[in-house]
Structures are given as structure tokens and as C-alpha cells.
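Protein chains in written order, with the working numbering: chain A, 29 to 405; chain B, 29 to 405. Just so it is clear, CB atoms sit at the ideal spot from N, CA and C, and this is done for glycine as well. Scroll down for the structure; my scribbles are underneath it.
There are 2 protein chains.
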Amino acid sequence: MKRVQRLPLRAGLLGGGQLARMLALKGHEMGLEIHVLSPDPRDPAAQVVRHHHRGDPASEADLKAFFARVDIVTFESEFMDAALLGTVATATRVPVHPRPEIMGRLQDRLRQKEFLESRRLPTAAWREVSSAEDAEAAFHAFDGELVFKKRRFGYDGYGTYVVRDRAALRRAIDAVESDRHGFIAEAFVPFRREIALMIARRGSGETATFPFVETFQERSRCLWVKGPIAPRARGAARLPAKLAAGLDELDYRGVMGVELFETAKGLLVNELAPRVHNSAHYSLDALTLDQFSAHWRAVLDLAFGEARPLAGGFAMYNLLGSHARAPSWSLPANARLHWYGKNENRPGRKMGHINGLGTSPGNALKRLTKARAAFDV
Amino acid sequence: MKRVQRLPLRAGLLGGGQLARMLALKGHEMGLEIHVLSPDPRDPAAQVVRHHHRGDPASEADLKAFFARVDIVTFESEFMDAALLGTVATATRVPVHPRPEIMGRLQDRLRQKEFLESRRLPTAAWREVSSAEDAEAAFHAFDGELVFKKRRFGYDGYGTYVVRDRAALRRAIDAVESDRHGFIAEAFVPFRREIALMIARRGSGETATFPFVETFQERSRCLWVKGPIAPRARGAARLPAKLAAGLDELDYRGVMGVELFETAKGLLVNELAPRVHNSAHYSLDALTLDQFSAHWRAVLDLAFGEARPLAGGFAMYNLLGSHARAPSWSLPANARLHWYGKNENRPGRKMGHINGLGTSPGNALKRLTKARAAFDV
Numbered sequence: 029m030k031r032v033q034r035l036p037l038r039a040g041l042l043g044g045g046q047l048a049r050m051l052a053l054k055g056h057e058m059g060l061e062i063h064v065l066s067p068d069p070r071d072p073a074a075q076v077v078r079h080h081h082r083g084d085p086a087s088e089a090d091l092k093a094f095f096a097r098v099d100i101v102t103f104e105s106e107f108m109d110a111a112l113l114g115t116v117a118t119a120t121r122v123p124v125h126p127r128p129e130i131m132g133r134l135q136d137r138l139r140q141k142e143f144l145e146s147r148r149l150p151t152a153a154w155r156e157v158s159s160a161e162d163a164e165a166a167f168h169a170f171d172g173e174l175v176f177k178k179r180r181f182g183y184d185g186y187g188t189y190v191v192r193d194r195a196a197l198r199r200a201i202d203a204v205e206s207d208r209h210g211f212i213a214e215a216f217v218p219f220r221r222e223i224a225l226m227i228a229r230r231g232s233g234e235t236a237t238f239p240f241v242e243t244f245q246e247r248s249r250c251l252w253v254k255g256p257i258a259p260r261a262r263g264a265a266r267l268p269a270k271l272a273a274g275l276d277e278l279d280y281r282g283v284m285g286v287e288l289f290e291t292a293k294g295l296l297v298n299e300l301a302p303r304v305h306n307s308a309h310y311s312l313d314a315l316t317l318d319q320f321s322a323h324w325r326a327v328l329d330l331a332f333g334e335a336r337p338l339a340g341g342f343a344m345y346n347l348l349g350s351h352a353r354a355p356s357w358s359l360p361a362n363a364r365l366h367w368y369g370k371n372e373n374r375p376g377r378k379m380g381h382i383n384g385l386g387t388s389p390g391n392a393l394k395r396l397t398k399a400r401a402a403f404d405v
Numbered sequence: 029m030k031r032v033q034r035l036p037l038r039a040g041l042l043g044g045g046q047l048a049r050m051l052a053l054k055g056h057e058m059g060l061e062i063h064v065l066s067p068d069p070r071d072p073a074a075q076v077v078r079h080h081h082r083g084d085p086a087s088e089a090d091l092k093a094f095f096a097r098v099d100i101v102t103f104e105s106e107f108m109d110a111a112l113l114g115t116v117a118t119a120t121r122v123p124v125h126p127r128p129e130i131m132g133r134l135q136d137r138l139r140q141k142e143f144l145e146s147r148r149l150p151t152a153a154w155r156e157v158s159s160a161e162d163a164e165a166a167f168h169a170f171d172g173e174l175v176f177k178k179r180r181f182g183y184d185g186y187g188t189y190v191v192r193d194r195a196a197l198r199r200a201i202d203a204v205e206s207d208r209h210g211f212i213a214e215a216f217v218p219f220r221r222e223i224a225l226m227i228a229r230r231g232s233g234e235t236a237t238f239p240f241v242e243t244f245q246e247r248s249r250c251l252w253v254k255g256p257i258a259p260r261a262r263g264a265a266r267l268p269a270k271l272a273a274g275l276d277e278l279d280y281r282g283v284m285g286v287e288l289f290e291t292a293k294g295l296l297v298n299e300l301a302p303r304v305h306n307s308a309h310y311s312l313d314a315l316t317l318d319q320f321s322a323h324w325r326a327v328l329d330l331a332f333g334e335a336r337p338l339a340g341g342f343a344m345y346n347l348l349g350s351h352a353r354a355p356s357w358s359l360p361a362n363a364r365l366h367w368y369g370k371n372e373n374r375p376g377r378k379m380g381h382i383n384g385l386g387t388s389p390g391n392a393l394k395r396l397t398k399a400r401a402a403f404d405v
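Right, dumping it as C-alpha cells:
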């Protein structure tokens, strides 16, 4: 076992949103000295740390000043300038995990698809699209049912174009022609349900796999998660080992969120996110290992222990803004509240989430749906 | 259900130790804006909050300045100037919970004994001692086996004198004569084991009771806790309801730690602590409701929900310093670490604790005792 010799260990977080906030809280719990780099002292993570460094994670000067103050760095979002991050990490000799090269590879949907295929991880058929001609060709190849996705910086439905007719194709082509990052086109996947999995790997090679969960999206935003579930699809049992082998090849350190489609033909990987993930927020109250602690353990190369559900079922319900007024709540009895402290409420914004347990996944979700009513968000 | 209308709610914590640190982390989790008043920015709680106010919780000026910045105040230790706190709370119209009058009453062992007797809560026979004559009389009344305790500000064995012979009586009398706070003497209690219970009450009158746990003390310091247990003693089943009635009389808001002796004649209350308590740290990872969240819910008058164990057994092991060198650790696999970030290690100092689950209380403790070896503290 590796000993952490130097305490306190100064751990740097790039970004100040809710993922960074929950990483900060769990980092504090295990005794890390957490430093946050973000633009606004009112950012969710900035509010819960002593060491907030006001700055722009996209600025080389701000990154350099920040790296000089910490022993190790991680991030809450893969949508950063990975090359710049790599340069600063090398110059300052402060390790970043997951490594910037991996961030660069996975933030690009095209390179992510190539990675999935190289590891024989099943994923929807796809093509590169960088012109109107490519788009037309994809439309024909995928029988007029397809999805165009920006190669980079798309999230929660932004940068995604579902195409089922020529009018939609026209709109997608406009986007392709006006965006320098390029697109990919994917065959439309008729899925039964969406599923997610969280896997963590540390430097020694040990991995920890969380249970499969079902995720439900409304208007491209995750509304709830329930689990544990057993996918009704071929290949599900082998998937964790195949993912672990993929992470080994990358020498990956950190948690990775895996979004999946359950289809009649088997499980397909929709997306890999090299970071903590909304679909695993349930783990804060429903597993013996939460994803935020797991991420720190991975980054610091410390043993994971088991990731076992604490009840027959669990659920997570996102508290999405439905108006722009100040939110109010009364804490419901049997739900654990995780509130992000965002400065402003607005429709669709993730303001917090609640976690709950039950005798089964469905029972937990039912209880939580009721508890959701206590919030006017 | 009461709605928290104003967000963020600014919650003030008096004191900067590990109890305040864990209150701060759980307060952040539920979205409170936590403010800490403590003397040193290196204090455990000061390290995990954006709003640290450097100052002395015993100073009227510092308290007043602090109260002007927050909406509600609570504390991590009852050993404060309760009268001063009450004056400042009244002057600034900022509520303090538990109320300062209750703090004043329970911080005095004599008045606490009177409270226990008034509620017919069983406790060891006792006498007031303010002179050598009183001490001699107590020695005779309790057949030469007794314990002298300072009325105020004693903790972890400090201010406690176990007397079984005349030489020890002489030392106790010296202490009685040199301390202006006065003492009580208690009949020595031959207990089978020490037990603890946590009970929470909120303004509406709702209470939540945690399971009974066994606590093990070494040199007057808690070393480990395991549970849930069923006391083998008369009166155990009725105790939670009697305690709840006592809290009702006080209109108490907050959690209260209850230390008990299991004796051949039944359960005896050893001590009430009007605050979060070391004996309930296990709840962070082993119950559906942790004591720190429960305290905030109590203070803010929000529903508790159930406080149910998440496994057949659980345990907590304190990481007590055994030397003055810098501590080092490797996180053990199946233990949750709560590290307090204290500036210096020293023998006997509580540096952190680990929590773990098992099939039974004994099994959980056995696993945790093994995990303890990963720490060089």
C-alpha cells in the first residue's frame, strides 16, 4: 500500500460547478486541502472551499499560477483546452489526472468512437461529417434516421441534431457548415432504455465498477436515475471487464461515466465521460463507495474497497429549475438533499438533487418522486 | 411543512474543531452558507469554509460582529459562556440553537443531575461538593468508592477524580479547594459496558432517535463504537421516550448525545451533551440519517426522516495520535475516512476516524480494527 506521506495534500480542482463542489466536499472529508480555480467566487464549488483562486481555467497564466499552488490537479469537465493543460502540467511538473492527452482524445466524439472500436466496445454505427456532401451521404447510409453530433463541446442535447427528414437534414447541414469543430453522424438507435455505469481505475491498475443504473432523460436532461438494474441485453456481463481493459490501455486514473443504450441487439456505448457524472450522484447515499471519493482514491492511487448498494433499490432525482424565481424548499423526510448553491435559478438548470433508498429501484424512485414535491425550484 | 424561503441561509458555527468541520461539510451539502468563528485559520473547520471569521467565541465584540453576518447560530461545544451568548443573541435577534439557557443548564454537572432527576431519568447517586467537609461526607456516604467531577468544563477524563482510598481522596480535596467552579461526587458505578444514544428534536416537537451503540473508552478517550446493540438492562426500551419528553420540556432544538452505563440494575445516564457527539460519528456512513445533517434539520425545523442502519452492523474507530510526527496513511479499502486536518499530531489527539459496515457489530469492528493498521498517526 502506498502511503500519503505529505499532509495536507493540496488538491487542485479546475472548474467551480456542482461536480467540483461535490468533489471538494468529499475531498475535505478525507482531509485534502482543496483548491478551486474558477471565474466567480459565487460559483458552487467556490462557496465551499477556503482556497478559491479566481481565474479562468482557459487562461495559461491563470493555470500556471494555480498549478504553482497545488500538488495534484483534476477537473470537473473534459471540455477544456487539453493541449494547454498538458503544456502547463509539464512545465510545472504537477500531475493532472485523468491525463490531458486522454481528455483530448475523449472530448472529441470522433476520436472517442475510434477508441471504442479499437477496444471492440459496441457502439452505434457512425461516420465523420465535415461537409454538406458528407451529411448527404450519411443520410443515405443510415436510411434517413440519424443523429448529427458536434465533435466537441456538445452536452445535454446542445450540439445534437436528430434528423428524420430533409428539413431536419438541412438544419444539420447549416450547423455542419458553420462550425469549425466538425461533426459525426450516428445511425439512430431505437433503444429500450438508457443505462449508465461508473467505472474507476487507479494507478496500480485496480478498478472498481458501480452497478448498472437506468437513467431517464427529459428534453435531453437527466431527470432521474434508479438502480441497481440488470440490463436485458447481450454483452452486459462482459462490459465492465472490456471497459477496464480499455482504461488499462490508457493508463487511466479517475472515474469514468459510461452512458449506454439498451437495444434489442445488445448494449451500445453512447458516450464516455472522463469525470464524475450526474448518473452516479446516487452513490453519495446509496453505495458503500461514492463516485467523488472514488475519484480522489483513483487520482491518489488509494484502494477503492467494494462499491455495494446499501439497499435493495435506490434512486436519484435531479432538481431542475422550472422558473427564474428564488427556489424554496422544505427538506422531505426520507430524501438526502444535495443542493448546489447556484446563484440564480432558471428553467432547466440543475439546482440540486435528492437521493433515496427503497426496497427496489422502482420503490425508491416512487418515494423520491413524492419527495420532489417539497421543492419549489 | 415549513419552507426555507431565503436561500442561501447563512448559518453560523461557533468553534473550529472537528465537530464544526463535519457540521460545515454537511451544511454545505444541503446548501447552507456556512460561517465559522474560531481563532485560527488553520482550525479544522476553518479549512473547509469560504467564510471563516477569525475571532474568539468568548469575546463579546467578536460574537457581536459574527452574529451580524449570519441568520442562525449553533455551536460545537457546550463549554462556552452561556450568559454572554444569550445576551448577544438577544441583542442581535439572531437565534441560537440549542438555546444558550439550555447550554448553561447542561454544562453544569450539578444542574444537569437536577434536570435528569426532575425527568426521572436514572442516574448514579450524587452529592454537591464544595468543601473538604463535603468531600469527606461523600466518601462515607458512597462507601469509599466514588468519582469527583468538576461541575464545569471537564471532558475526556480531565477534571475527573476516581477515589477508592484516602490518598486519592486527599488529591480530590486539593482539587475541590483550588477550583472555584465546585464539584459533584458520584457513587462509583460498576458497569458492564458503556452505551450511547443520539436523540434529535426540532421545533415542531418531532424527535428522531438513533440506535443504541456500545462505546469503548481507553484512558478516558473513546477508542471505538459499534452497533446497533440492544442493552441488556431494565428501562432501555422506555429511555428514548423519556428523553424525548425531557427535550420537550426544554423546547430543545438540535441533537443531543446521551452517554449511558449498562449496569446490573439497569441503564444509568452518565452525561448529556447538547451537541453532535463522537459516539455518533458512525452515522455518517452507517445510517440513513447522519448526526450532522440531523442537527441542521433540527435547528432549521425540517423533517428528519428515519434513522435506520444501512447494514447488520457498523463501527467507528477513532484515529488517536500516538506520536508527534506528521501522520501518514494509505486509505484502507473498506473503511470510510474522516480526517480532521489538524495542524499537529500529538499523543491522544483525535486526528480523524474511520467508519465501516459489517454483517454484525462485532464483524464491523473486527474489519475496522484491521483497517486501522493502515494509519501511522
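- Message: I want to know whether the region 355–368 of chain B touches the region 322–338 of chain B - three or more CB-CB distances under 8 Å.
- Response: no
- Does Leu393/B come within less than 7 Å of chain A when only Cβ atoms are used? no
- Separation of Arg221/A from Gly263/A, as counted between CA atoms: 16 Å
- Query: Does the Cβ of Ala236/B have 16 or more other Cβ atoms within 10 Å, making it buried, or fewer, making it exposed?
  - Reply: buried
- Message: Residues of chain B with CB closer than 7 Å to the CB of Thr316/A, please, in chain order.
- Response: Leu385
- Query: To the nearest angstrom, how far is it from the Cα of Tyr280/A to the Cα of Leu385/A?
  - Reply: 31 Å
- Where the alpha helix (DSSP H) through Asn371/A begins and ends: Premise fails: Asn371/A is in no alpha helix (DSSP H) and is neither H nor E.
- From the beta carbon of Glu234/A, is the nearest beta carbon of chain B less than 7 Å away? no
- Query: Going by Cα to Cα distance, which pick from Val286/B, Asp90/B, Ala89/B and Gln140/B is closest to Leu225/B?
  - Reply: Val286/B
- Item | Any chain A beta carbon closer than 7 Å to His309/B | no
- Message: Quick test of your reading: Val304/A and Leu47/A, contact by CB under 8 Å. State the CB separation rounded to the nearest angstrom.
- Response: 5 Å
- Considering only residues of the same chain and omitting the five flanking positions on each side of Pro427/A, which have a CB-CB separation below 8 Å? Outside the modelled stretch of chain A, which goes from 29 to 405, sits residue 427/A, for which no answer is possible.
- Close beta carbons around Gly274/B, own chain, < 6 Å, minus the five adjacent residues each side: Arg147
- Task: Could you say if the region 342–362 of chain B and the region 327–345 of chain A meet the contact criterion of at least three C-beta pairs nearer than 8 Å?
- Result: yes
- Task: Pull up the distance between the alpha-carbon of Gly83/B and that of His56/A, whole angstroms please.
- Result: 23 Å
- Message: Here's a check: name, in chain order, each residue in its chain whose Cβ is nearer than 7 Å to the Cβ of Arg395/B, leaving out the five neighbours to either side.
- Response: Asn362, Gly384 and Gly386
- Query: Using the C-alpha atoms, what's the distance from Glu277/B back to Phe244/A?
  - Reply: 48 Å
- Task: Using a cut-off of 7 Å between C-beta atoms, extract the partners of Ala331/A located in chain B.
- Result: Leu359, Pro360 and Ala361
- Which whole-angstrom value is the C-beta distance of Arg249/A and Gly376/A, which I expect to be below 8 Å? 6 Å
- Item | Those runs of the alpha helix (DSSP H) which lie wholly inside the region 207–293 of chain A and span at least 4 residues | 267–278
- Task: Using a Cβ cut-off of 7 Å (strictly closer), state whether Val327/B contacts chain A.
- Result: no
- Item | Cβ shell of Leu315/A (< 7 Å), same chain only, five flanking positions each side left out | Phe238, Ala335, Arg336, Pro337 and Leu338
- Query: Of the choices Pro67/B, Asp329/B and Asp90/B, whose alpha-carbon is the least far from that of Ser232/B?
  - Reply: Asp329/B
- Item | Neighbour flag for Arg139/B against chain A, beta carbons, 7 Å | no
- Query: What are the boundary residues of the alpha helix (DSSP H) that Thr120/B is part of?
  - Reply: Ala110 to Thr120
- Between which two residues does the beta strand (DSSP E) carrying Val190/B extend? Thr188 to Val191
- Message: Relative to the C-alpha of Pro36/A, which candidate in His381/B, Thr120/B and Pro355/B has its C-alpha closest?
- Response: Pro355/B
- Task: Quick one: using the 10 Å Cβ neighbour count with 16 as the cut-off for buried, is Pro69/B buried or exposed?
- Result: exposed
- Task: Buried or exposed for Arg127/A, please, with buried defined as at least 16 other CB atoms from any protein chain shown within 10 angstroms of its CB.
- Result: buried
- Message: Considering only their Cβ atoms, is the gap separating Pro259/B from Phe289/B smaller than 7 Å?
- Response: no
- Cutoff 7 Å; reference Val297/B; Cβ partners in own chain excluding five residues on either side: Leu144, Leu149, Pro150, Thr151, Val286 and Leu288
- Query: Listed from N- to C-terminal order along the chain, which residues in the region 72–83 of chain B have their beta-carbon within a distance smaller than 8 Å of any beta-carbon of chain A?
  - Reply: Ala74, Gln75, Val76, Val77, Arg78 and His80
- Task: At 7 Å on the CB atoms, spell out the chain A contacts of His125/B, in chain order.
- Result: Here the premise fails: no neighbours, minimum Cβ distance about 16 Å.
- Query: Quick one: does His56/B have its CB under 7 Å from some CB of chain A?
  - Reply: yes
- Item | Residue ranges of each alpha helix (DSSP H) within the region 313–388 of chain A, 4 or longer | 319–328
- Go through its chain and collect everything with a Cβ distance to Thr188/A's Cβ below 8 Å, but skip five positions before and after it. Val175, Phe176, Lys177, Lys178, Gly182 and Ser248
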